[in-house]
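Enquirer: Structure in structure tokens, see below.
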Amino acid sequence: MKKGNNNNQQQQPRKEGQGNPNNRKKKRPPPTRAEKTSKTLAWALRHQGPEIGLPMTPDGFVPVSEILNCRHEKLRHQEFTFEDIQEIVRSCAKQRFHMEWKPISNYPDVDTSTFRAETINHDDNTILCIRASQGHSLPFIDPELLLTPVPPEELAHIPIIVHGTYKLAWETAICTKGLNKMTRNNIHFAPGLPRNQGVISGMRATCGIYIYVNAAKCANHPGIVFYKSANGVLLTAGIDGTLPVEYFSHVTDAKGKVLLDQR
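Here the UniProt record's numbering is used: the sequence shown runs in plain steps of one and ends on residue 263.
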């Protein structure tokens, strides 16, 4: 006679996260309108510019009305307004964007007859422009116009210059090859960890590996030039796009475990 199933029979252990809603990874909420606008602006101002028809000067500025009038599908789909852009610039905690009045003569090919009234000043012939504070990949952007050079004597005394990354990147490449600027114009650093007071931008809060730079050693190398952005991010292209491991001071994980110590 076959035995029927009963509650006394041994149960197979559940795999982690299977069948238990408390173990399932929580879904991120959908992005807000402001988050989508910020992401689209960053894409356009850091990586596209002329590629999508936006007139951009070597300092990274684009007339605000040119963004509003842009016919590229990605910008048109967002349907953001002048007020949306103003709010993003004002409220962005990382201060990713900066607006400034610039001479109309900087953009000889633009048709200002289509510009929003709020973005043009006929009294002094200026137009309201916007740029990303840092993070560009466009080769014609001039760091001397976009960023503030950090003199070697000042660089040598910056107490913390740290780059945030992830375990896989550290173990598979950075620990032997150093930091590479990849597709961007510079490697990004912060003057402290995200939780530190006064640190606005420079790394993702989710980074689990912290690479600290030997500022004094970098300052003594004539080929290593550091810059500072308007929102406090420190940047360098290193030596031909790479900052070698020998210029690291030390490396830790998020729990403080030392992975490399060259102090």
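Using N, Cα and C, we set each Cβ at its ideal position, and we do this for glycine too. On a predicted model such as this, the values are computed, not experimentally measured, just so you know.
Quick one: what does DSSP say H122 is sitting in, helix, strand or coil?
Expert: Coil.
Enquirer: Could you say if the stretch 68 to 86 and the stretch 46 to 54 meet the contact criterion of at least three C-beta pairs nearer than 8 Å?
Expert: Flag = yes, the stretch 68 to 86 and the stretch 46 to 54 touch.
Enquirer: Taking buried to mean at least 16 other C-beta atoms within 10 Å of its own C-beta, is F61 buried or exposed?
Expert: Result: buried.
Enquirer: Could you check the C-alpha separation between I130 and V64 for me, to the nearest Å?
Expert: Answer to the nearest angstrom: the Cα atoms are 6 Å apart.
Enquirer: When the Cβ atoms of the stretch 184 to 194 are set against those of the stretch 229 to 240, are three or more pairs found closer than 8 Å?
Expert: Because the criterion of three Cβ pairs below 8 Å is met, the stretch 184 to 194 and the stretch 229 to 240 touch.
Enquirer: Which residue comes first and which comes last in the beta strand (DSSP E) that contains residue 272?
Expert: As displayed, the chain neither begins before 1 nor continues past 263, which places residue 272 out of reach and without an answer.
Enquirer: Based on Cα-Cα distance, which residue from E66, I127 and T81 lies nearest to T37?
Expert: That would be T81, whose Cα lies nearest to the Cα of T37.
Enquirer: Please classify V62: does DSSP put it in a helix, a strand, or coil?
Expert: Strand at V62.
Enquirer: DSSP three-state call for R184: helix, strand or coil?
Expert: Residue state, collapsed to three classes: coil.
Enquirer: Can the beta-carbon of L259 be found less than 8 Å from the beta-carbon of V251?
Expert: A contact, by the Cβ cut-off of 8 Å.
Enquirer: Suppose the cutoff is 6 Å on Cβ atoms and the five residues either side in sequence are ignored; what does the same chain contact list for T57 look like?
Expert: The answer, listed in chain order, is N106.
Enquirer: Would you report the Cα separation of P149 and V225, rounded to the nearest angstrom?
Expert: In a straight line, the C-alpha of P149 is about 7 Å away from that of V225.
Enquirer: Count the other CB atoms, across all protein chains shown, that sit within 10 Å of the CB of S249; report buried if there are 16 or more and exposed otherwise.
Expert: Classification for S249: buried.
Enquirer: Is there a Cβ from chain B that is less than 8 Å from the Cβ of I104?
Expert: Absent from the structure is chain B; it holds one protein chain and no more.
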